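Asker: I am attaching a structure below and will ask some questions about it afterwards.
There are 2 protein chains.
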Amino acid sequence: MFRTLAAACLALLATAAIADEGMWTFDNVPQAAIQKKYNITLDKPWLDKLQRSITRFESGCTGSFVSPDGLVLTNHHCAMPCLAEISSESANYVDDGFNATTRSAEKKCPTQILSVLVEMENVTAKVAAATAGMKDAQANQARKQELSKLEAACTKNSEKSRGGPLACESVTLYQGGQYYLYKYRRYDDVRLAFAPHHAIAAFGGDPDNFNFPRWSLDFSLFRVYDKGKPIHSPNHLSWRVEGPQVGEATFVTGHPGSTSRLLTVEQLRFQRDTSVPSYLIRNSELRGRVIQWGKTGDEPARISSDYLQSIENSLKVYRGFQTALLDDSLFARKTSQERELRERVKSDEKLSAAVGDAWNDAANAQERYRQIYDRYLYLEAGAGFNSKLFSYARQLVRSAAERSKPNEQRLREYADSNLPKIQSSLLATTPVYPDFEQVTLSFSLDKLREALGPDNSIVRKLLSTESPQSLAEKLITESKLADPAVRKALWEGGTAAIQSSNDPMIVLARDIDGEARAVRKIYEDEVQAPVASAQERIAKARFAVLGTNTYPDATFTLRLSYGAVDGWVEKGEKVEPYTRLSRLFERTTGKDPFRLPQLWLDARDRLDMNTPFCFVTTNDIVGGNSGSPLVDAQGRLVGLAFDGNIHSIAGSFWYNGEVNRTVAVHPAIMITALKDVYGANDLADELLGKR
Amino acid sequence: MFRTLAAACLALLATAAIADEGMWTFDNVPQAAIQKKYNITLDKPWLDKLQRSITRFESGCTGSFVSPDGLVLTNHHCAMPCLAEISSESANYVDDGFNATTRSAEKKCPTQILSVLVEMENVTAKVAAATAGMKDAQANQARKQELSKLEAACTKNSEKSRGGPLACESVTLYQGGQYYLYKYRRYDDVRLAFAPHHAIAAFGGDPDNFNFPRWSLDFSLFRVYDKGKPIHSPNHLSWRVEGPQVGEATFVTGHPGSTSRLLTVEQLRFQRDTSVPSYLIRNSELRGRVIQWGKTGDEPARISSDYLQSIENSLKVYRGFQTALLDDSLFARKTSQERELRERVKSDEKLSAAVGDAWNDAANAQERYRQIYDRYLYLEAGAGFNSKLFSYARQLVRSAAERSKPNEQRLREYADSNLPKIQSSLLATTPVYPDFEQVTLSFSLDKLREALGPDNSIVRKLLSTESPQSLAEKLITESKLADPAVRKALWEGGTAAIQSSNDPMIVLARDIDGEARAVRKIYEDEVQAPVASAQERIAKARFAVLGTNTYPDATFTLRLSYGAVDGWVEKGEKVEPYTRLSRLFERTTGKDPFRLPQLWLDARDRLDMNTPFCFVTTNDIVGGNSGSPLVDAQGRLVGLAFDGNIHSIAGSFWYNGEVNRTVAVHPAIMITALKDVYGANDLADELLGKR
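Quick note, the sequences are listed as chains B and R, same order. For the first sequence, counting from 1, position 417 maps to 633 in the working numbering; every step adds exactly one. For the second sequence, counting from 1, position 433 maps to 649 in the working numbering; every step adds exactly one.
This is the structure we're talking about:
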């Protein structure tokens, strides 16, 4: 009986081997599965070279080196923040694209930071030792302190390393089953080399987003500089312009952001009932406000475009989450998997003692979270104060207070290892648009009052004689934080400067800080702590039952996924895996988001209408993989991931190889665009190794 | 065993007797339960007088006669459509209120129609005979034809009745368990006599909506005219200004709109998974667009105010639906109720033969609905063409086609009995605001494309060279349908006029009519028909098992609910059932929606701060009951229902007497407002019977 039960368990729990499932860490690549399905062995040099060819965009994307001179390929939508920051009323690089015809014309992005993963160190034992025998809340604090300490020591030790100090970040894998230090080389002089027009990069806009067939030329090129010169990047990907064949194996490497495949049933229910509906309703309204404001003129349209694209993308993702979570079969499957794992634990006395009733503990914590969710979301997590200026104020107020404490006792995001990022974002000369700030801030104050109620003490404090609109107007017009020099003075002035400031945004951030920290404390001690403890124990159970032939949830760290070029069947009809250039011209309406730039209309006659445009593969990826290269068995670039199909969104919760697809730009269309449309021949030659 | 099972069933299924549950028809008032709990007997004269004192606002509210001269009391929010229609840039009756100091100053509402229920006739047997032995789709058509026929005959027969012809409407009770003809006296000369400022009527706005404690002076007064003179209304309610005591019994009579308490589990799941999320996401975005547009000036703010209030109200309701539907205990309860009813049916051979597997049939129909939902919603149900001008166009195009058919073969809404309403709304001189039309129409075209996809044939037809924004602009600027004379010509010109019209809105409505009718046909034959048949059979099962001591779901027809003044316990704290005037002044912020009109600030010193303002009762009501009077055992008016507390929203699915509360305006504050704030002494005296 036990064997049968065990076999059934394994069949249900370990589905990884069946499909092209998983975002695997580089130290645990499923060689056997890949060998079996595709007859390919990825040896260490192959993996090492790939790892070093990949960069992480700290803004949330992936890129890859594509020339020895620091040229980096990523998506156009990953370039949007930079494009928005370097654009102005007189130079709209979003709409018009950007083409640095010489290297000296390449334009520095104010806030972009790129990282390359150099080394990974397993510190699970050290973290376990630091928290041994503690109660949940205490362990939660101790764990954070230990991670801050390890990060700081690691960064210090790396100072002597070849190529200068590394940035060390702790990474929690398998929900606490493993802890790692990931060591990155950081680059903060990142310059834009090329971006196509937004209209062709995001052709089809929100309607086509997460859909396929597709015609989005979603690529851009950056170059990494150090001390004023392009870096040397010997590890880079060469191009196979003809792309992969149907059925051919493809590997995607990058930094998938976040998945929820290991969550307990009650954690999923919390998403279904609380966080996802709250997100959808709130951000749908925000979308409406931003769209309508964008219609008030060309400048508003330009200013809001990047922001709107990002909201609409998230909304589509969350709608996909909702659909997946409302599918009772997901809960049925997760429930039975969980039940079987729990039974396995129960039947093993030793394991049972180590794991306890972790699922129930997590469920109780989730219930507590439900009670404080709105307060936490609006006061601490920022939903009540949607404004760039407020974010500056919050960071200045918090960092002044936190920097005066020893490194390990700070809020984690103010640990020494994170300060450079904070400083760089605070001091960057990015534009602030007061009218747009009023749109988002008045909206979020409206929602704050709606969520906490007009008689809540913070709401009364803020809105006893103001409306959300009038308060937002006052704060935005009177605050001086849009000026980087003012922020610099406050950053350098520390606690004294913050205490004596009468900038209304600083005053606001100061005024609500006590309440915000109070609800964060409840969250950390009564939600995060028991969940972390429960998850560590569930991870133990999984390892005990399933071994280590599994992959952790995505954590915006380096992963490899394997798969192949393949369409899928949608409502009984086969979706072909490739699109070609001709249909792009047939689908244009002349109006956004189905408008083609004049340059493309002019180029039409000289283009080969058979050029492949986009294609789909079975690779298992998620947001954060945007900009990831697809490589073939020889490690050559054969595509650029930029999206998933609509079914890929449910991939947050499970991978369904029947329908879940990665959507990629084909290398041929990128080369065609550079050469035959934009006349960027030097860049094209550099990509093709001809320079 | 059978007896025990039966007893358990009844305990689970028939909860009505336990709490103050139910919206009862006047022919089936639960006398025994009322007698038992409150020691009150409602005799026939009491019920008859009450019935004749109640009016239905065809726009979706209830009112009651409160003087012998046709004066009608209802909510301020029920007056909003009229206030918006009679306002203009120079006279803002929404913001400033309206006070007809003499009868001749009372202002006619362009589209308001009031009805008084005169008689009810049970026609269940006739309908059953007309559909006997038919298949679902055929029965569905035959049923509609029979109802149209019965309505027409009834109206014709009533021509000789005292007081002129009646409007006969068929009513489906118990989801098809009973069919009735309800016969109404209609009044279309309805004039506004009094409305307070919007700021005090809707004090607290959206944040306070569906909440309690509450300070909203949500009342208004109309007068019904006939042949230019106020009608004589011998059946009217006298006022008990001191209001009811805590614990005292109160009765609410009115026209509750719609509840879903008798839906099957799969029908509820459809709401949870499909219709409710779709509604929330769509209308949250619309809310954002309307709010942001309203900020572009005073006129936009005025124009959008009524519309916005209505969206926000619906959004709160739907959020409440979502919360209720995501509560797994609701599904657990509904599932076990359903299972027990099904078992009872199964155990009775004869019943089983009559009922069949009605639940499964309804579930299959629901699945079919899911497949066509977006097409139905956007093309037929209007979500894709959110515009007053388009509604006119649709009605003109459809009515021309339908009126040329025999009465019984028309789409139901164009049956003879409905034509007067359609004609009156088509020919009324209500303002159309082109800029606002563009906001709503471009939004809905955006959503149409989002839902059906850019490659859908209708979408391609409409948007092959246009964006939603540019198409909306064109349609709104070029259409002449804002002019009532143009609409009149098209209405009177019939099919020929419609066919030869080149008004772009008429052309649009004509162009999509085929597709819209096609999806409606699928809906009617494959969703509505099997659901109607299943529901008729489930109703049979309920009557067989539970007897007739139950109430039907709300259908915007006359009902009585019983209850008592009582607070409830919220998160461990008792909520007192009354609010008083003093706290109104403490809660004002000076800014909408917590702003007090200057007249109120000026009056403050002469008002008794102890005046009761709002109160709550356990009466079971729902939207449509807005404006319903609360009466005491003697039939005297002791309150005016205008809202429910937040828990009342779940009342769509079940009644929970612990927390579900009706929120009412106290008579004392209405009299105080009329006399001591607005100087409307004549009206106050009329209400108090002093004239």
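Think of the CB as a built atom: it goes at the ideal place given N, C-alpha and C, for glycine as much as any other residue. Fair warning: this is a prediction, and the values are worked out from it, not measured in the lab.
#1: Using only CA atoms, which one of B/His471, B/Asn835, B/Ala755 and B/Ala770 lies nearest to B/Thr764?
#2: Say whether the stretch 834-841 of chain B touches the stretch 464-476 of chain B, bearing in mind that this needs 3 or more beta-carbon pairs closer than 8 Å, one atom from each stretch.
#3: Indicate the three-state DSSP secondary structure (helix, strand or coil) for B/Lys696 in the structure shown.
#4: Which residues, in order along the stretch 679-690 of chain R, keep a beta-carbon less than 8 Å from a beta-carbon of chain B?
#5: Output the residue ranges of the alpha helix (DSSP H) runs that lie fully inside the stretch 296-351 of chain B and measure 4 residues or longer, sorted by chain position.
#6: In this structure, how does DSSP classify B/Ser274 when only helix, strand and coil are distinguished?
#7: What are the boundary residues of the beta strand (DSSP E) that includes B/Arg503?
#8: The stretch 349-371 of chain R: which residues have C-beta closer than 8 Å to a C-beta of chain B, in chain order?
#9: Taking B/Phe858 as the query, report the chain R residues whose CB atoms sit under 9 Å from its CB, ordered along the chain.
#10: Would you mind reading off the limits of the alpha helix (DSSP H) that contains B/Arg555?
#11: Determine the closest residue to B/Arg703 out of B/Ala631, B/Phe606 and B/Ser658, with distance taken between C-alpha atoms.
#12: Nearest CA to the CA of B/Tyr941: which residue from B/Thr340, B/Gly380, B/Tyr390 and B/Leu287?
#13: To the nearest whole angstrom, what separates the beta carbons of B/Arg272 and B/Leu363, a pair I think is in contact under 8 Å?
#14: Among R/Thr834, R/Met886, R/Leu635 and R/His863, which residue has its Cα nearest to the Cα of R/Leu853?
#15: On the DSSP bridge assignment, give the partners of B/Arg775 in chain order.
#16: How would you call R/Val462, buried or exposed, if buried means at least 16 neighbouring beta carbons within 10 angstroms?
#17: Would you check if the distance between the CB atom of B/Phe810 and the CB atom of B/Gly420 is smaller than 8 Å?
#18: Sorted by chain position, which residues of the same chain lie with C-beta nearer than 6 Å to B/Tyr894's C-beta, five sequence neighbours on each side aside?
#19: Can you tell which of B/Val847, B/Glu482, B/Trp816 and B/Thr827 has the C-alpha that lies nearest to the C-alpha of B/Ala833?
#20: Just to check my reading of the structure: B/Ser777 and B/Met350 have Cβ atoms closer than 8 Å, yes? What is that Cβ distance to the nearest angstrom?
#21: Would you kindly work out how many angstroms separate the C-alpha atoms of R/Gln814 and B/Asn672, rounded to a whole number?
#22: Assuming B/Ser633 and B/Glu385 are in contact, meaning their beta carbons sit under 8 Å apart, how far apart are those beta carbons, in whole angstroms?
#23: Say whether chain R places a C-beta atom closer than 8 Å to the C-beta of B/Leu542.
#24: Please confirm if B/Pro720 has its CB atom under 8 Å from at least one CB of chain R.
#25: When the cut-off is 8 Å and only beta carbons count, does R/Lys704 lie next to chain B?
#26: For a cutoff of 8 Å on Cβ pairs, would you count B/Thr512 as touching chain R?
#27: Have a look at B/Ala232 and B/His863 and give me their C-alpha separation to the nearest angstrom.
#28: Closer than 7 Å, Cβ to any Cβ of chain B: which residues of the stretch 870-884 of chain R, in chain order?
#29: What does B/Leu657 pair with, by DSSP beta-bridge criteria?
#30: Within 10 Å of its beta-carbon, does R/Glu902 have 16 or more other beta-carbons around it, so buried, or fewer, so exposed?
#31: For the alpha helix (DSSP H) containing B/Tyr589, list its first residue and its last residue.
#32: Using Cβ-Cβ distances below 8 Å, what residues of the stretch 417-442 of chain R are close to chain B?
#33: Identify the continuous beta strand (DSSP E) that holds B/Glu789 and give its terminal residues.
#34: Per DSSP, what are the beta-bridge partners of R/Cys384 in this structure?
#35: Work out the CA separation of B/Pro261 and B/Arg549 for me, nearest whole Å.
#36: Please report the residue range of the alpha helix (DSSP H) in which B/Trp816 lies.
Answerer: Judging by the given coordinates:
#1: B/Ala755
#2: yes
#3: coil
#4: Leu679, Ser680, Thr681, Glu682, Ser683, Gln685 and Ser686
#5: 309-312 and 340-347
#6: In the sequence as displayed, the identity of residue 274 of chain B is Glu instead of Ser. Of the three classes helix, strand and coil, the one that applies to B/Glu274 here is coil, per DSSP.
#7: Premise fails: B/Arg503 lies in the alpha helix (DSSP H), Val492 to Gly510, not in any beta strand (DSSP E).
#8: none
#9: Within 9 Å Cβ-Cβ: nothing; B/Phe858 doesn't reach chain R, min ~18 Å.
#10: Asp544 to Lys562
#11: B/Phe606
#12: This structure gives no information on residue 941 of chain B, because the portion of chain B shown stretches from 217 to 907.
#13: About 19 Å; that fails the 8 Å criterion.
#14: R/Met886
#15: B/Gly470
#16: exposed
#17: yes
#18: Asn315
#19: It is Thr, not Ala, that sits at residue 833 of chain B in the sequence shown. Answer by Cα proximity: B/Val847.
#20: Not a contact, Cβ separation roughly 37 Å.
#21: 26 Å
#22: 7 Å
#23: yes
#24: no
#25: no
#26: yes
#27: Because B/Ala232 sits at a pLDDT of 43, beneath the cut-off of 50, its placement in the model cannot be relied upon, and the following sentence gives the value as read from the coordinates. Distance between the alpha carbons of B/Ala232 and B/His863: 18 Å.
#28: none
#29: DSSP output for B/Leu657 lists no bridge partner at all.
#30: buried
#31: Ala574 to Arg591
#32: Gly420, Asp422, Pro423, Asp424 and Asn427
#33: Glu789 to Val791
#34: R/Lys399
#35: 39 Å
#36: Gln814 to Ala819
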